[in-house]
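Numbering-wise, our numbering comes out as the position in the sequence shown, counting from 1, plus 9. Cβ atoms here follow ideal geometry from the backbone N, Cα and C, with glycine treated the same way. Working notes, beginning with the structure itself.
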Amino acid sequence: MMLERIQQKMEGPAMKVVLAIIIIFFVFAGYFGANLVTPGNETVANVDGVNITNAEIDNVINNQRRQNPNFDQQYPTEASKAEYREQVRNQLINDRIYTNTIENAGLTASKAQIIEQIHSMPEFQLGGQYDPQTAKTIMAQNGISDTRLYSIARNQIVREQFNQGISESSFVTDKEIEAFYRIQEQTRDARVLTVPKAKFSEGIVIEDGEKQTYYDNNKANFEQPEQVSLQYILLTKDILAQSIKSSITDEQVADFYNSEENKSEFVAPDKITVAHILIANDVDNAEQKATDLLAQLQSGADFAELAKANSSDTFSGAEGGVLPQTEAQAGNSGWVPEFESAALELTEPNELSGLVKTDFGFHIIKLNERLVGDSKPLAEVSEEIKQRMADVQAQTQFFNKKALLDDALFSTESISDLAKTAELELQTTELFDRNSIPVAINHPAVIEQAFAKDNIQSKEISDEISMGEQQIVYIAVQDYQAAGIKPLTEVEAEIVSLLTAEKVTEKTKTYAESIKSALKAGESVETLLTEKELTWVESSAFGSRDAALGPELNSKLFQQVAPLTDEAAIEIEDLFSGDVAILELRKVNYPDLSKLDDAKKQQLKSLLANVNSRGDFSKFVGELREKSDVK
Numbered sequence: 010m011m012l013e014r015i016q017q018k019m020e021g022p023a024m025k026v027v028l029a030i031i032i033i034f035f036v037f038a039g040y041f042g043a044n045l046v047t048p049g050n051e052t053v054a055n056v057d058g059v060n061i062t063n064a065e066i067d068n069v070i071n072n073q074r075r076q077n078p079n080f081d082q083q084y085p086t087e088a089s090k091a092e093y094r095e096q097v098r099n100q101l102i103n104d105r106i107y108t109n110t111i112e113n114a115g116l117t118a119s120k121a122q123i124i125e126q127i128h129s130m131p132e133f134q135l136g137g138q139y140d141p142q143t144a145k146t147i148m149a150q151n152g153i154s155d156t157r158l159y160s161i162a163r164n165q166i167v168r169e170q171f172n173q174g175i176s177e178s179s180f181v182t183d184k185e186i187e188a189f190y191r192i193q194e195q196t197r198d199a200r201v202l203t204v205p206k207a208k209f210s211e212g213i214v215i216e217d218g219e220k221q222t223y224y225d226n227n228k229a230n231f232e233q234p235e236q237v238s239l240q241y242i243l244l245t246k247d248i249l250a251q252s253i254k255s256s257i258t259d260e261q262v263a264d265f266y267n268s269e270e271n272k273s274e275f276v277a278p279d280k281i282t283v284a285h286i287l288i289a290n291d292v293d294n295a296e297q298k299a300t301d302l303l304a305q306l307q308s309g310a311d312f313a314e315l316a317k318a319n320s321s322d323t324f325s326g327a328e329g330g331v332l333p334q335t336e337a338q339a340g341n342s343g344w345v346p347e348f349e350s351a352a353l354e355l356t357e358p359n360e361l362s363g364l365v366k367t368d369f370g371f372h373i374i375k376l377n378e379r380l381v382g383d384s385k386p387l388a389e390v391s392e393e394i395k396q397r398m399a400d401v402q403a404q405t406q407f408f409n410k411k412a413l414l415d416d417a418l419f420s421t422e423s424i425s426d427l428a429k430t431a432e433l434e435l436q437t438t439e440l441f442d443r444n445s446i447p448v449a450i451n452h453p454a455v456i457e458q459a460f461a462k463d464n465i466q467s468k469e470i471s472d473e474i475s476m477g478e479q480q481i482v483y484i485a486v487q488d489y490q491a492a493g494i495k496p497l498t499e500v501e502a503e504i505v506s507l508l509t510a511e512k513v514t515e516k517t518k519t520y521a522e523s524i525k526s527a528l529k530a531g532e533s534v535e536t537l538l539t540e541k542e543l544t545w546v547e548s549s550a551f552g553s554r555d556a557a558l559g560p561e562l563n564s565k566l567f568q569q570v571a572p573l574t575d576e577a578a579i580e581i582e583d584l585f586s587g588d589v590a591i592l593e594l595r596k597v598n599y600p601d602l603s604k605l606d607d608a609k610k611q612q613l614k615s616l617l618a619n620v621n622s623r624g625d626f627s628k629f630v631g632e633l634r635e636k637s638d639v640k
């Protein structure tokens, strides 16, 4: 039934392409990320004959990690990572099912719709207007081709058409609108008292017996893995280069820049701008059509007009076929080899190529502009030169010092003497476990050697440990601490802090309960409030977004059940801060339904329809999944 209603809506005259994204679920699942990468070989699911791979899942997870700095903290264990990975797999399955359904529905987007969609993207606009150069720059930065952007825009449009069908198939009754209005517009006659925990923090004493009891009952919380401390010698080309770079003078940099041997390296590459017309392979008689267009151009036809009317590359075609400016250097243009070769042969403005065959189809290329690269000023390349000079010297130093260490290793018993041999710093760590190794030597090979039984017992210098290209380290265990329970003396401050917080919370809640009990008994609480210098926040008409209370207290007040009698409902609530709040709700004030005018009704109806459509959407995807062949 749902599918029938959706189809009816899609076929009706009210269908419009909307830019508001209803399909956040599928964006999260990676539709504009995972489905645009080349999948790996390992299949984790198959939907109606189409594979979903581990590479796609990895892409979604990596996108989330880039967007959310706290991603790894949210999924700290292997179990939580595996659970999230399974969620992503299911989301990709649903996305593929949904995509198949849209494709089978036969929805299309016109060239005009696609161009309008692209031009409406805020990222491509300057001053509220579409800017071609901004679009090209952003596309280049993100590695998105014209064809890919065209595909993304088309897919977004047809998805919006389909989602609109789902949204418009939802309906809302007048009773639902009235009930929603009563909830949205209600106010509450109440008063709220916040009891800060800081009022009860003084005079807290933790006895020795309490510390010992807590320690004895919670020893598992004070377990400590085995730990080592190290002395180490770190030799890396990068560290050497940093030291060398600071000693390079401006005169040395200038000499390097001005030498005949190096001058050519500081000339910016030539730039080239071309326009093209593409007749794709799937166009009927593609080669003949391209040949005819070339003949028209050679007879003086306007290139931009022919590109707009005929190019299969619709995005560049809308701009007269013009492609983003790029380097006029083989291998650096970003074009496919056949296209690049033909374009770079053009030397005069408006010069045309012949037909150029690529995997995309047949191209006609026109040279718009070719700019000769200028020499980069010394100030612009000074840092680059310093780094290059430092890198060359550092590489030589690295191998010289490594040779000294290799020779001395078997004749030197002291790691201190070994460091002196190569004039390197001997560094020392504090005790650390396998998960807290210092950043400078945080490498699996170092961890393995640091906790090796033989090295712990002998405390001798390790063999050379490689941490990457031109990065080596030598270590010697200085101290070792076996796994066990931390002694009470070491964790005493932590225990005192925990027990103090518990007692403060207990005293705060006891005070709040005394206020509640007095109110229930009809007694005055003014003396209790005066003692702690507390006052009520009171109103006969608190709104759900009342600034006087703030979001957290507002939420708790409007979740409170309305009193059924004239007696106020009193609740004690814990706050995120650790404070406590007393909420005395006297009455709920409902709005007058006669003031619910047609404009407000329509607004609430649209809002409720949107909420309902999200539920319909989830049900619809569930129905599709039951009918699909998922393996």
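So, with DSSP's three-state summary, where would you put Gln165? Position 156 of the sequence shown, counting from 1, holds the residue named residue 165. Helix.
Would you call the region 545-561 and the region 223-239 in contact, with 3 or more CB pairs under 8 Å? No, they do not touch.
Kindly indicate if chain C contains any beta-carbon less than 8 Å away from that of Leu376. The displayed structure is made up of one protein chain only, and chain C is not part of it.
Could you tell me the distance, in whole angstroms, from the CA atom of Leu364 to the CA atom of Ala304? Reading the sequence shown from its first residue, position 355 is the one you call residue 364. Reading the sequence shown from its first residue, position 295 is the one you call residue 304. Between Leu364 and Ala304, the C-alpha separation is close to 11 Å.
Grouping DSSP H, G and I as helix and E and B as strand, with all else coil, what is His452? Mapped onto the sequence shown, residue 452 falls at position 443. Looking at His452 - three-state DSSP - the assignment turns out to be coil, as it is neither helix nor strand.
Those residues which DSSP pairs with His285 across a bridge: The residue labelled residue 285 in the question sits at position 276 within the sequence shown. BP columns for His285 point to Ile374.
With a Cβ-Cβ cutoff of 8 Å, do Ser391 and Phe275 count as a contact? Here residue 391 is taken as the residue at index 382 of the sequence shown, counted from 1. Here residue 275 is taken as the residue at index 266 of the sequence shown, counted from 1. Result no, Cβ atoms of Ser391 and Phe275 do not sit closer than 8 Å.
In terms of residues, what are the limits of the beta strand (DSSP E) holding Val204? Counted from its first residue, the sequence shown places residue 204 at position 195. Unbroken beta strand (DSSP E) run through Val204: 196-204.
How is Val401 classed by DSSP in three states: helix, strand or coil? The residue labelled residue 401 in the question sits at position 392 within the sequence shown. Look at Val401 here: in three-state DSSP terms it is helix.
Taking the alpha carbon of Asp488 as the reference point, which residue from Ala299, Ile465, Ile470 has its own alpha carbon closest? The sequence position of residue 488 within the sequence shown is 479, counting from 1. Comparing Cα positions, the closest option is Ile465.
What residues in its chain sit with their C-beta under 8 Å from that of Ile394, if we drop five residues either side in the sequence? If you number the sequence shown from 1, residue 394 lands on position 385. The beta carbon of Ile394 is closer than 8 Å to those of Val262, Phe265, Tyr266 in its chain, skipping five residues each way along the sequence.
Suppose contacts are defined by Cβ-Cβ distances below 8 Å. Is Ile470 in contact with Leu418 by that definition? To locate residue 470, count along the sequence shown from 1; it is residue 461. To locate residue 418, count along the sequence shown from 1; it is residue 409. For Ile470 and Leu418, yes; Cβs fall inside 8 Å.
Closest Cα partner of Ala250 within the set Leu573, Met398, Pro600, Pro333: Here residue 250 refers to the residue found at position 241 of the sequence shown. Checking every option, the nearest Cα to that of Ala250 belongs to Met398.
Excluding five sequence neighbours on each side, which residues of the same chain lie with their C-beta closer than 7 Å to the C-beta of Gly343? Taking the sequence shown and counting its residues from 1, the one referred to as residue 343 is at position 334. Within the same chain, and ignoring the five residues on either side of Gly343 in sequence, the residues whose Cβ sits closer than 7 Å to its Cβ are Thr335.
Let me know if Val204 comes out buried or exposed under the rule of 16 or more other beta-carbons within 10 Å of its beta-carbon. Counting from one through the sequence shown, the residue named residue 204 turns up at place 195. Looking at its Cβ environment, which holds 16 or more other Cβ atoms inside 10 Å, Val204 is buried.
Which same chain residues end up closer than 6 Å to Asp322 when comparing Cβ atoms and leaving out the 5 residues on each side of it in sequence? Working through the sequence shown from its first residue, we reach residue 322 at position 313. Excluding positions up to five away in sequence, the list reads Asp155, Leu287.
Cutoff 7 Å; reference His642; Cβ partners in own chain excluding five residues on either side: Because the chain in this structure spans residues 10 to 640, residue 642 falls outside the shown range and cannot be described.
Tell me the residue span of the alpha helix (DSSP H) that contains Val331. Counting from 1 along the sequence shown, the entry for residue 331 is found at position 322. Looking at the DSSP string, Val331 is not in any alpha helix (DSSP H), and its letter there is neither H nor E.
Please identify the residue among Leu376, Glu347, Ala412, Glu357 whose C-alpha is closest to the C-alpha of Lys366. Sequence index remark: in the sequence shown, residue 366 carries index 357 (1-based). Of the candidates Leu376, Glu347, Ala412, Glu357, the one whose C-alpha sits nearest the C-alpha of Lys366 is Glu347.
Would you call the region 206-214 in contact with the region 434-448, where contact means no fewer than 3 C-beta pairs closer than 8 Å? With fewer than three CB-CB distances shorter than 8 Å, the region 206-214 does not count as touching the region 434-448.
Going by DSSP, which residues form a beta bridge with Lys280? Along the sequence shown, one-based indexing puts residue 280 at 271. Beta-bridge analysis with DSSP links Lys280 to Glu336, Leu380.
Pair within 8 Å by beta-carbon distance, Leu566 and Leu594: On the sequence shown, position 557 is the one that residue 566 refers to. On the sequence shown, position 585 is the one that residue 594 refers to. The beta carbons of Leu566 and Leu594 sit closer together than 8 Å.
Output the distance between the C-alpha atoms of Glu665 and Glu503, rounded to the nearest integer angstrom. What is shown of the chain runs 10 to 640, which leaves residue 665 out entirely.
According to DSSP, Ser54 sits in a beta bridge with which residue or residues? Within the sequence shown, residue 54 is the residue found at index 45, counting from 1. The question names Ser, but residue 54 in the sequence shown is Ala. Note: Ala54 is bridge-paired with Ile61 in the DSSP secondary-structure output.
Residues bridged to Phe441 (per DSSP): Locating residue 441 in the sequence shown gives position 432, counting from the first residue. DSSP lists Val237 as partners of Phe441.
Using the Cα positions of Thr438 and Glu235, report the straight-line distance between them to the nearest angstrom. What you label residue 438 is simply residue 429 of the sequence shown in a count that begins at 1. What you label residue 235 is simply residue 226 of the sequence shown in a count that begins at 1. Each residue's Cα considered, the two are about 15 Å apart.
Using 8 Å as the threshold, is the C-beta distance between Thr282 and Val331 below it? To locate residue 282, count along the sequence shown from 1; it is residue 273. To locate residue 331, count along the sequence shown from 1; it is residue 322. It is a contact, given that the beta carbons lie within the stated cut-off.
Looking only at its chain, what residues have a beta carbon closer than 7 Å to the beta carbon of Gln73, apart from the 5 residues adjacent to it on each side? For this step, residue 73 is matched to residue 64 along the sequence shown. Taken in chain order, the residues that qualify are Phe80.
Just how far apart, CA to CA, sit Arg98 and Val53? In the sequence shown, the residue the question calls residue 98 occupies position 89. In the sequence shown, the residue the question calls residue 53 occupies position 44. Between the C-alpha atoms of Arg98 and Val53 there is a straight-line separation of about 8 Å.
Spatial neighbours of Gly493 within its chain, please: C-beta separation below 8 Å, excluding the five flanking residues on both sides. As a working mapping, residue 493 is identified with position 484 in the sequence shown. Contacts found: Glu232, Gln233.
Take the Cβ of Gly326 as the centre, count every other Cβ of all protein chains shown within 10 Å, and call the residue buried at 16 or more, exposed below. In the sequence shown, the residue the question calls residue 326 occupies position 317. Buried is the call here.
Leaving out five residues before and five after Val513 in sequence, what residues of the same chain have Cβ atoms less than 6 Å from its Cβ? In the sequence shown, the residue the question calls residue 513 occupies position 504. Only Lys206, Phe209, Ser210 meet the Cβ criterion.
Using 10 angstroms around the beta-carbon of Tyr599, count the other beta-carbons present and answer buried if the total reaches 16, otherwise exposed. Position 590 of the sequence shown, counted from the start, is the residue given in the question as residue 599. Tyr599 is classed as exposed because its beta carbon has fewer than 16 other beta carbons within 10 Å across all chains shown.
What are the boundary residues of the beta strand (DSSP E) that includes Met476? Numbered from 1 along the sequence shown, position 467 holds the residue referred to as residue 476. Bounds of the beta strand (DSSP E) holding Met476 are 474-477.
Could you tell me how far apart the beta carbons of Leu414 and Leu427 are, in whole angstroms, since I believe they sit closer than 8 Å? Mapped onto the sequence shown, residue 414 falls at position 405. Mapped onto the sequence shown, residue 427 falls at position 418. Leu414 to Leu427, Cβ: 7 Å. Contact.
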